[in-house]
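Residue numbers (mature numbering (1 follows the signal peptide of the UniProt record, and there is no 0)): -18 to -1, 1 to 402.
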Ligand SMILES: *[C@@H]1O[C@H](CO)[C@@H](O)[C@H](O)[C@H]1NC(C)=O
């Protein structure tokens, strides 16, 4: 009996070891094309390119999938061994780099049930989870956390801000069997809580009792008129009185003009409307509170977190300005391992990536400064009035272009919201 107990414990520990369910870091050249399936639902999806981009921490390790054409939909996905997260945590993690200074576009992943038809994946394909950043214009810069519950998609009620710079950032979603969750950016917690509180999966626990009504005799007036207070006699003065200084004009003809009446003026003795003094109401019962009852529609569900058949991770996005690089996809049941892997990938290359970008920015700034200097000298030499006019025209054009781009962005934002 004892021996069996020990054996059972060893077995339990052994079975609780971490499982990486999906990992994709694009470290084997073009081989990724055999693992990822581009949807054929539309004929004009944007092309994915394998690249580390314009700046990186490691030219090989930082290679990821980049959106390469502007104003396109993108749809590709990869399959893994189906699993259920019953009784276990599940971590969904990946890195995103918007190196193009993104104006409008998705940076999120969708995780689908295993029965997804990858070749036909599209915006309406039903998914389990949407997670990751979404940027459009100045107003939308957030991290989506959407879960499907009984066939309906539910957006998180909290606003989680995403990163909007051009560097690589790690996004992590942890979903726990105790129905809590955590969102991390760059391995640091930015939000956490409980599924039931932060989404509207279930109807409210309590509702106002439809049977309860405020009693007719419920007195909720805190103050009432003092019945002992009476209007003083001198109060009774008219608001307006005939002007005592007015005189009938000498040429007033009673037959023609009717009886003369003096014009009315405000009465200087008028005291306004009289109101009795207010006293505490002895019958005051306080504000009536509608009693609540348990909502008959509500039933607790300890399996909101549970998805039986995880099987595909997909990128299904719209991007106005392309250039986003996705990398370091990971799905695991081990929170600590996900943190380790984030440290070993993004954590190792982020600093050299930042440096490389800094150097490029410095160089660009210097070149621009020199160009401006040259232009200034030329302009001085020419001393031509036409130059100013030309410049003004150019400014106007740029302004028009900007406005156009901005209104396009807003349209796209609406489109994306519809899709989600
Ligand atoms: C990951 O890196 C951070 C920062 O260096 C460190 O605080 C944390 O302990 C590391 N996590 C793991 C699991 O090693």
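We put the beta carbon where it would ideally sit given N, CA and C, even for glycine.
| Query | Result |
| --- | --- |
| Sorted by chain position, which residues of the same chain lie with C-beta nearer than 6 angstroms to residue 92's C-beta, five sequence neighbours on each side aside? | 109, 112, 296, 298 |
| Kindly examine ligand 1 and report whether one of its heavy atoms sits closer than 7 angstroms to the Cβ of residue 310. | no |
| Considering only residues of the same chain and omitting the five flanking positions on each side of residue 184, which have a CB-CB separation below 7 angstroms? | 178, 280, 283 |
| With distances taken from each beta carbon to the nearest heavy atom of ligand 1, which residues come in below 5 angstroms, in chain order? | 321, 322, 325 |
| Quick check on the burial criterion: 16 or more other C-beta atoms within 10 angstroms. Buried or exposed for residue 304? | buried |
| Which whole-angstrom value describes the C-beta separation of residue 35 and residue 81, a residue pair presumed to lie in contact below a C-beta threshold of 8 angstroms? | 5 angstroms |
| One question on the structure: do residue 28 and residue 55 come within less than 8 angstroms of each other, judged by their Cβ atoms? | yes |
| Any idea if residue -6 is buried or exposed, counting beta-carbon neighbours within 10 angstroms, 16 or more meaning buried? | Since pLDDT at residue -6 reaches only 48, below the 50 mark, its modelled position is unreliable, and the value read off the structure follows with that caveat. Per the 10 Å Cβ criterion, exposed. |
| Determine the burial state of residue 359: buried for a count of at least 16 other Cβ atoms within 10 Å of its Cβ, exposed for fewer. | exposed |
| Per the DSSP calculation, residue 89 is bridged to which residue(s)? | For residue 89, which the question treats as bridged, DSSP gives no partner whatsoever. |
| Could you tell me which of 245, 342, 222, 243 sits nearest to residue 251, measuring between CA atoms? | 222 |
| Using C-beta distances below 7 angstroms, list every residue in its chain close to residue 101, excluding the 5 sequence neighbours before and after it, in chain order. | 19, 21, 22 |
| Can you grab the Cα-Cα spacing for the pair residue 317 / residue 272, in whole Å? | 45 angstroms |
| What separation, rounded to the nearest whole angstrom, lies between the Cα atoms of residue -1 and residue 175? | 24 angstroms |
| In or out: residue 152 buried (at least 16 other Cβ within 10 Å) or exposed? | buried |
| In angstroms, rounded to a whole number, what distance separates the CA positions of residue 212 and residue 259? | 9 angstroms |
| Taking DSSP as the reference, what is the three-state secondary structure of residue -1? | coil |
| Going by C-alpha to C-alpha distance, which of 197, 24, 43 sits closest to residue 57? | 24 |
| Is the distance from the Cβ of residue 157 to the Cβ of residue 287 below 8 angstroms? | yes |
| CA-CA distance, residue 95 and residue 72? | 14 angstroms |
| For residue 154, count neighbouring Cβ atoms within 10 angstroms of its own Cβ and tell me buried if that reaches 16, exposed if not. | buried |
| Which stretch, first to last residue, makes up the beta strand (DSSP E) that contains residue 60? | 54 to 65 |
| Can you list, in chain order, the residues of its chain whose CB lies under 7 angstroms from that of residue 141, leaving out five sequence neighbours each side? | 124 |
| Buried or exposed for residue 163, going by 16 or more other Cβ atoms inside 10 Å? | buried |
| Alpha helix (DSSP H) containing residue 340: first to last residue? | 328 to 364 |
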